[in-house]
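Undergrad: Before anything else, here's the structure in question.
Protein chains: 2
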Amino acid sequence: MLKAVQNLGCSSGFLSQLWKKAHHNTACGGLSSIAISTNPLSNSASTRTRRRHATTTKLDSFISPVFSTRGTRSETRSESNPDATTSPSSSSAGNVSKINFCQWCGGPTKHDIPDGEEKMRAICTVCDKIAYQNPKMVVGCLIEHDNKILLCKRNIEPSYDLWTLPAGYMEIGESAADGAIRETWEEAGAAVEVVSPFAQLDIPLIGQTYVIFLAKMKKPHFSPGPESSECRLFDLDDIPFDSLAFSSIFVSLNLYIDDIRSGKLKFHYGTINKRPGSSPSDMHAFSLDNHLQC
Amino acid sequence: MLKAVQNLGCSSGFLSQLWKKAHHNTACGGLSSIAISTNPLSNSASTRTRRRHATTTKLDSFISPVFSTRGTRSETRSESNPDATTSPSSSSAGNVSKINFCQWCGGPTKHDIPDGEEKMRAICTVCDKIAYQNPKMVVGCLIEHDNKILLCKRNIEPSYDLWTLPAGYMEIGESAADGAIRETWEEAGAAVEVVSPFAQLDIPLIGQTYVIFLAKMKKPHFSPGPESSECRLFDLDDIPFDSLAFSSIFVSLNLYIDDIRSGKLKFHYGTINKRPGSSPSDMHAFSLDNHLQC
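Going line by line, the protein sequences match chains A and B. Numbered per this note's numbering, the first sequence spans residues 3 to 296. Numbered per this note's numbering, the second sequence spans residues 3 to 296.
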């Protein structure tokens with residue numbers, strides 16, 4: 003088929019025919035793969051933890067409007083990452099009123115909606131520059147080794163002593179994949195290569211987008227960095243779903259296990275809608291909405 | 003098969019078997035799909051424009067280390083988007099030395115590497131807060147309608163009068179998909195729904211990551227917003243590759259056409275490495291590296 007396409011070239015009619023073929027033969031789920039929450043932020047019985055004790059539950063039921071597995075912990079800070087002290091909290095993400103001065107000229111700011119825009123911004127009263135705030139990307143790796151997944155126990159707040167995938171804020175000057183590789187080295191002492199994109203999970207409430215890659219270790223070696231107290235490979239059946247640090251990690255691991263179960267790894271896009279004020283590790287306090295998979 | 007999996011449940015041995023199956027049956031390309039640049043930023047004959055006149059060229063040859071099609075224009079500003087006056091330029095993206103004052107307390111900053119970090123940051127000399135800079139996400143839609151693609155002619159700099167997909171900076175408080183839908187409404191007057199994630203393209207030099215969704219119009223209506231002088235549906239064979247605004251749009255459209263030609267739409271991840279100082283619309287001045295597809 004590929005050969006035929008090459009010889010036929012790029013005529014309009016031919017492309018039109020190919021269009022229909024591509025859309026019928028798409029790797030991406032298209033409209034049929036959309037699962038939209040109808041009951042956000044409520045509790046559901048379709049949980050990973052429960053499913054481990056009731057394994058006849060419909061396999062994809064956890065890709066449901068709501069994830070909810072366990073009780074809350076005592077943290078009050080929002081889902082965030084260790085390598086940015088200014089990481090947004092649920093109360094401050096995008097809170098323009100906290101920007102009081104222009105970082106370029108030092109002038110005081112006013113908080114107003116600029117001409118032609120719709121959102122409140124911090125505008126310098128001296129140089130007129132606008133301090134735009136945008137979501138931050140958190141990049142990380144889901145590392146597979148000998149049918150196990152590498153997790154790190156956090157040695158820092160938030161979510162101290164809870165398990166996570168190695169991940170952190172993407173830096174300017176690097177790609178998401180390079181950032182994920184760097185964070186894995188810093189947090190798990192593991193040199194990895196990225197195998198495939200796996201998930202993009204937006205968390206609008208806290209102004210974060212998680213980008214998770216599947217990766218593998220170049221050598222079977224890992225050791226905890228300063229931000230981790232322990233790194234360990236877990237069998238998929240032994241993943242500590244009761245002690246995960248962040249909803250994004252919970253979702254990523256659940257999606258991965260469901261892919262493994264279904265026999266096909268996919269790329270996932272979705273929105274994690276968190277309940278305002280909830281802790282990063284409260285798995286009762288969010289829903290996965292608009293889930294699309296390729 | 004799905005039924006069998008449900009009944010078998012989640013025993014460790016069973017998951018181990020499924021693991022191998024999933025990795026052999028992956029929708030994502032895995033290692034075999036990686037195409038890494040060996041000659042970044044050089045010129046290549048594998049171009050979309052040339053291929054339109056030499057259609058027996060190997061179909062996937064454009065997913066090569068280098069894209070290069072046409073001459074440069076006169077713009078000197080880097081690839082950027084219209085809705086942020088502080089959008090990073092090639093010379094200022096991540097340029098911490100331009101942050102002179104603390105936006106929270108107004109104190110002067112010093113530029114130093116904080117303890118436990120490796121990158122230079124702007125640190126407030128009064129309150130000690132660090133002003134982290136992170137890449138910005140640009141979200142947009144590739145809208146398919148009657149086998150055509152909707153493009154907008156830019157009515158603003160940079161890349162004035164050149165064609166683009168509707169796209170702009172993602173805002174805090176929205177998902178990437180919602181941001182792409184909003185930008186499409188603002189720039190093309192089209193109400194769309196997202197069908198599938200299509201591409202993530204990082205541009206490290208300018209601190210941007212493009213996230214492009216496939217989308218369709220809810221009603222067959224569009225009209226240019228203030229930032230566009232014209233919106234038009236293009237046959238795939240008539241896409242104005244000689245007059246595109248940004249390398250990210252060039253790459254997205256090329257990947258899309260190749261997917262249509264191959265009969266299978268995929269999700270693409272890659273890094274666009276631009277030549278420092280090049281214009282946003284110079285298609286001789288970048289390479290697509292580490293291309294992965296699912």
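The beta carbon of each residue, even a glycine, is placed where N, CA and C say it ideally should be.
Any Cβ of chain B within less than 9 Å of the Cβ of TRP106(A)?
TA: yes
Undergrad: Can you name the residues that DSSP bridges to SER254(B)?
TA: Answer is none; SER254(B) lacks a bridge partner.
Undergrad: From the beta carbon of TYR171(B), is the nearest beta carbon of chain A less than 9 Å away?
TA: TYR171(B) counts as touching chain A.
Undergrad: Applying the 10 Å Cβ sphere with the 16-neighbour rule, what's the burial state of HIS2(B)?
TA: What the structure shows of chain B is the stretch from 3 to 296, and residue 2(B) is not part of that stretch, so it cannot be assessed.
Undergrad: Pick out the complete beta strand (DSSP E) segments inside the segment 186-234 of chain A, 3 residues or longer, and give them in chain order.
TA: 194-205 and 210-219
Undergrad: Restricting to Cα atoms, I'd like to know which of GLU195(A), GLN210(A), PRO206(A) and SER230(A) is closest to LYS220(A).
TA: GLU195(A)
Undergrad: Where does LYS276(A) sit, in a helix, a strand or coil, going by DSSP?
TA: strand
Undergrad: State the beta-bridge partners of GLU146(A) as determined by DSSP.
TA: In the DSSP output, where bridge partners are listed per residue, GLU146(A) has ILE151(A).
Undergrad: As a quick exercise: from ASP244(B), ALA182(B), ASP204(B) and ASN136(B), pick the residue whose alpha carbon is nearest that of ALA217(B).
TA: ALA182(B)
Undergrad: Measuring only the C-alpha atoms, how far is ILE1(A) from GLY209(B)?
TA: This structure leaves residue 1(A) out entirely; chain A is present only between 3 and 296.
Undergrad: Quick one: is LYS268(B) buried, meaning 16 or more other Cβ sit within 10 Å of its Cβ, or exposed?
TA: buried
Undergrad: Which value, in whole angstroms, describes the spacing of the CA atoms of THR186(A) and GLY191(B)?
TA: 43 Å
Undergrad: Look at the alpha carbon of SER280(B) and the alpha carbon of PHE236(B), and state the distance between them as a whole number of angstroms.
TA: 27 Å
Undergrad: State the start and end residues of the unbroken beta strand (DSSP E) segment that holds LYS112(B).
TA: 111-114
Undergrad: Going along chain B in order, which residues have a C-beta closer than 7 Å to the C-beta of TYR162(A)?
TA: The premise fails here: TYR162(A) is roughly 17 Å from chain B at the closest Cβ pair, so nothing lies under 7 Å.
Undergrad: Exposed or buried, which one is ALA179(A) when buried takes at least 16 other CB atoms within 10 Å?
TA: buried
Undergrad: List the residues that DSSP assigns as beta-bridge partners of GLY170(A).
TA: VAL141(A)
Undergrad: Anyone know if the C-beta pair for CYS154(A) and PHE103(B) falls short of 9 Å?
TA: no
Undergrad: Evaluate contact between the segment 142-162 of chain B and the segment 158-165 of chain A, counting only Cβ atoms and requiring at least three cross-stretch pairs below 8 Å.
TA: Judged by pairs of C-beta atoms under 8 Å, the segment 142-162 of chain B does not touch the segment 158-165 of chain A, as fewer than three such pairs exist.
Undergrad: Rank MET285(A), PRO199(A), VAL98(A) and CYS143(A) by C-alpha distance to the C-alpha of ASN132(A) and give the top, closest one.
TA: Before going on, a small fix: residue 132(A) reads as Ile here, not Asn. Nearest of MET285(A), PRO199(A), VAL98(A) and CYS143(A) to ILE132(A), Cα basis: VAL98(A).
Undergrad: Mind listing the chain A neighbours of LYS112(B)? Cutoff is C-beta to C-beta under 7 Å, in chain order.
TA: The premise fails here: LYS112(B) is roughly 13 Å from chain A at the closest Cβ pair, so nothing lies under 7 Å.
Undergrad: Flag this pair as yes or no: are the beta carbons of LEU152(A) and PHE243(A) separated by less than 9 Å?
TA: no
Undergrad: Can you give the beta carbon distance from ILE205(B) to LYS276(B), rounded, assuming they're within the 8 Å contact cut?
TA: 6 Å
Undergrad: Taking its Cβ as the centre, do 16 or more other Cβ atoms sit within 10 Å of THR127(B), making it buried, or is it exposed?
TA: exposed
Undergrad: Restricting to Cα atoms, I'd like to know which of TRP165(A), ASP260(A), SER177(A) and TYR271(A) is closest to PHE248(A).
TA: TRP165(A)
Undergrad: Let me check understanding here. Comparing Cα to Cα, which of LEU207(B), SER177(B) and GLU189(B) lies closest to PRO199(B)?
TA: SER177(B)
Undergrad: If we define contact as Cβ-Cβ less than 9 Å, is PHE224(B) a contact residue for chain A?
TA: Not one chain A Cβ lies under 9 Å of PHE224(B).
Undergrad: Between GLY227(B), PRO110(B), ARG123(B) and PRO168(B), which lies nearest to GLY118(A) when the distance is taken from Cα to Cα?
TA: GLY227(B)
Undergrad: Do GLU229(B) and GLU188(B) count as a contact pair if the criterion is CB distance below 9 Å?
TA: yes
Undergrad: Between the Cα of CYS233(A) and those of PRO168(A), ILE262(A) and SER245(A), spot the shortest distance and give me the residue it belongs to.
TA: PRO168(A)
Undergrad: With burial defined as no fewer than 16 other Cβ atoms inside 10 Å of the residue's Cβ, what is the status of PRO222(B): buried or exposed?
TA: exposed
Undergrad: In chain order, what residues of the same chain have a beta carbon less than 6 Å from the beta carbon of LEU33(B), not counting five sequence neighbours either side?
TA: Because LEU33(B) carries a pLDDT of 34, less than 50, the predicted location of this residue cannot be relied on, and no value is offered for it.
Undergrad: Using a C-beta cutoff of 9 Å, does GLY175(B) count as contacting chain A?
TA: Closer than 9 Å to some Cβ of chain A, the Cβ of GLY175(B) qualifies, so yes.
Undergrad: Check whether the Cβ of PHE288(A) lies closer than 9 Å to any Cβ atom in chain B.
TA: no
Undergrad: Could you tell me the alpha carbon to alpha carbon distance between VAL197(B) and PHE215(B), rounded to whole angstroms?
TA: 7 Å
Undergrad: According to DSSP, is SER177(A) part of a helix, a strand, or is it coil?
TA: In the three-state reduction of the DSSP assignment, SER177(A) falls in the coil class, being assigned neither a helical nor a strand state.
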